[in-house]
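Data block below; observations after.
Number of protein chains: 2
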Amino acid sequence: MIDIMRRNHVQVSGNGPQTIMFGAGFGCDQKMWRYVAPHFEENYQVVLFDSVGMGNSDVTLYDAKKYSKLDSYAKDVLEIMEALNLNNTIFVGHSVSSMIGILASIKEPERFSHLVLVGPSPCYINELPDYVGGFDKEALEGLFDLMDKNYIGWANYLAPVVMKNVDRPELTKELEDSFCSTDPVIARNFAKTTFFSDNRKDLPRVTVPSLILQCKDDSVAPIEVGEYVHRHLPNSSLMYMEATGHSPHMSHPEETIELIEQYLQRNGLTK
Amino acid sequence: MIDIMRRNHVQVSGNGPQTIMFGAGFGCDQKMWRYVAPHFEENYQVVLFDSVGMGNSDVTLYDAKKYSKLDSYAKDVLEIMEALNLNNTIFVGHSVSSMIGILASIKEPERFSHLVLVGPSPCYINELPDYVGGFDKEALEGLFDLMDKNYIGWANYLAPVVMKNVDRPELTKELEDSFCSTDPVIARNFAKTTFFSDNRKDLPRVTVPSLILQCKDDSVAPIEVGEYVHRHLPNSSLMYMEATGHSPHMSHPEETIELIEQYLQRNGLTK
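Chains A and B are the protein sequences, given in the same order.
1 is the number of the first residue of the first sequence in the UniProt record's numbering; add one for each residue after it.
1 is the number of the first residue of the second sequence in the UniProt record's numbering; add one for each residue after it.
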């Protein structure tokens, strides 16, 4: 029997009748939530995890075929929830993890109370003029080319594009290091799964209410994408952040905490 | 279905293929392990919990009849292990939790790799001249009397007797506060369960190898008791600590860590 807790390096802390679970973005692990998650320990059971292949997950369980689909990552989330007997959970997902949370909530909605989607995108590739995803297919393929030929060069290029906030180079450095500490083959597979998935048709199938946090000047999930998600996701709220870039939980943790708290309060979850 | 994770306020941290689980003594909760447990996070999955009625456990699930037996506390430990799918676990128990770990290991030995028993006592009451437990029955009854009439007075009396190390009054204060923050009725029941249990006949039934940590000048579990446990517990090692009092994990955490590490290394568990 697979030990789910170790497979995903699941960490449980905090105290409260309801659980809040945080999922990290591409090339990242649970450490990225360290400025935000501890805030919720006072009133919630907090669950953190690493996707297989990332952070301190059990990399021996990585299977390229399995993890070529976001659905497999969603299944892992549901297995963690099952292992911990979680229901009525607030799932906070950054970037690709927001889409993973969406897919998991479609499969087992009873596990979820609310979704908090930080920089979600159902489809990264433009289909002009109908859909603005933010990336041309050719540009993305060029990025994968760079990833193959010069992984470190790719990480050095992508990290500042994702993070912005150039006045705080330590943030970009951390993201770069996180990319670089991931196995390059796994990173490439995960990047392909992330950037070539098209989950636009899944959005209307979501029944769990959600909050979309949309950053300013986000090159990965631009405003058009956040607004698209809001239009197609039933029962969603969209909030525009002051934060810039694609990682507000790292660059602007106070605002991220504040907006999540406001949303939970409006929904009667915290006092 | 009872949520075991919340019932016992289970916290999971750390990273490693093997789990080390810490159980707290009478009137205490997992916070008491805060000087020792984090050391093991680098190489182990660390599991902390609060017994029902203590700390941040779900006190609504406290049942005086059920918890009048140490076996029920042992059953809870096994339920936590089942919920987390734990096997081959190192269980570190302080005081009454060492006996709880022993009872759990008799029921489901396959869950346990090793037991670390900090100040264990299978029987607190003297049966002179055959057995030195450390307490006269009359003295204990006087203590329960005080507990009924003046709970705070009782806590003020017992805390320094347990802790020793009078040069560090903050330690005694913490123990006193822990006693005082426990519901007095639950504390009295738990004290009765703890101090009036006689588990001497269970010791020879243990098959899991164990380490006994025996403090100097321990008024709760004196040296005679540690040596009795060692004689009757198959495959046990006894180590005499420099630490004085009954709570070396609080008063002498470095030595406690060091001796546990040495034992685990001798048994091939850590490098």
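Cβ atoms here follow ideal geometry from the backbone N, Cα and C, with glycine treated the same way.
- Among the residues facing chain B, residue 6/A is included, as its CB has a counterpart in that chain under 8 Å away.
- Shown here, residue 180/B sits in a helix according to DSSP, grouped into three states.
- By the rule that beta-carbons nearer than 8 Å mark a contact, residue 203/A does not touch chain B.
- Going by beta carbons, residue 23/A and residue 45/A fall outside the 8 Å limit.
- Classified as buried, residue 18/A has 16 or more neighbouring CB atoms from the shown chains inside 10 Å of its CB.
- Taking residue 221/B as reference, the option from 13/B, 192/B, 117/B, 40/B with the minimal CA-CA separation is 117/B.
- DSSP places residue 54/A outside both helix and strand once states are collapsed to three, so it counts as coil.
- Inter-residue distance for residue 76/A and residue 251/B is about 42 Å (C-alpha atoms, whole angstroms).
- Its chain contains 132, 134 as the residues whose beta carbon lies nearer than 8 Å to that of residue 224/B, once the 5 sequence neighbours on both sides are disregarded; these appear in chain order.
- For residue 243/A, the uninterrupted beta strand (DSSP E) run begins and ends at 236 to 244, by DSSP.
- Per the coordinates, the alpha-carbon of residue 29/B lies some 29 Å from the alpha-carbon of residue 234/B.
- With distances taken between CA atoms, residue 34/B lies nearest to 247/B out of 79/B, 262/B, 264/B, 247/B.
- Put simply, the backbone Cα of residue 26/A is about 32 Å away from that of residue 81/B.
- Against chain B, the beta carbon of residue 17/A has neighbours under 8 Å at 6, listed in chain order.
- At a Cβ-Cβ threshold of 8 Å, residue 12/A and residue 5/B count as neighbours.
- Its Cα nearest to that of residue 59/A, the residue 9/A stands out among 43/A, 9/A, 265/A.
- For residue 13/A, the secondary structure class from DSSP, reduced to helix, strand or coil, is strand.
- Flagged as an interface residue toward chain A: residue 84/B, by a C-beta distance shorter than 8 Å.
- Neighbours of residue 39/A in chain B, taken as residues whose beta carbon is under 8 Å from its own, are absent, since the nearest beta carbon is some 17 Å off.
- Note on geometry: alpha-carbon atoms of residue 71/A and residue 91/B lie some 37 Å from one another.
- In the same chain as residue 205/A, and ignoring 5 residues on each side of it, the C-beta atoms closer than 6 Å to its own belong to 106, in chain order.
- Contacts between residue 11/B and chain A, judged by CB atoms closer than 7 Å, involve 12, 13 in chain order.
- Taking a 10 Å sphere around the C-beta of residue 214/B, we find 16 or more other C-beta atoms and assign the residue as buried.
- At least one CB atom of chain B sits nearer than 8 Å to the CB of residue 3/A.
- Non-local C-beta neighbours of residue 140/A in its own chain, meaning closer than 6 Å and more than five positions away in sequence, comprise 195, ordered along the chain.
- For residue 45/B, at least one C-beta of chain A is nearer than 8 Å to its own C-beta.
- Runs of alpha helix (DSSP H) with 4 or more residues, each lying fully within the region 89 to 117 of chain B, are found at 96 to 107, listed in chain order.
- Interface annotation for the region 51 to 74 of chain B against chain A: 56, criterion Cβ-Cβ distance under 7 Å.
- Each of 254/A, 239/A, 229/A was checked against the Cα of residue 263/A, and the nearest Cα belongs to 239/A.
- In the assembly as shown, residue 201/A is an exposed residue. Its beta-carbon has fewer than 16 other beta-carbons within 10 Å.
- Boundaries of the beta strand (DSSP E) harbouring residue 212/B: 210 to 216, taken from the DSSP string.
- Per the DSSP secondary-structure output, residue 20/B pairs in a beta bridge with 46/B, 90/B.
- If only complete runs of 4 or more residues are kept, the region 129 to 189 of chain A shows the alpha helix (DSSP H) at 137 to 149, 151 to 163, 169 to 180, in order along the chain.
- Fewer than three Cβ pairs drawn from the region 182 to 196 of chain A and the region 161 to 172 of chain A lie within less than 8 Å of each other, which leaves the two stretches out of contact.
- Looking from the CA of residue 145/A, the closest CA among 188/A, 128/A, 113/A, 256/A belongs to 188/A.
- At the C-beta level, residue 161/B and residue 98/B stay beyond 8 Å of one another.
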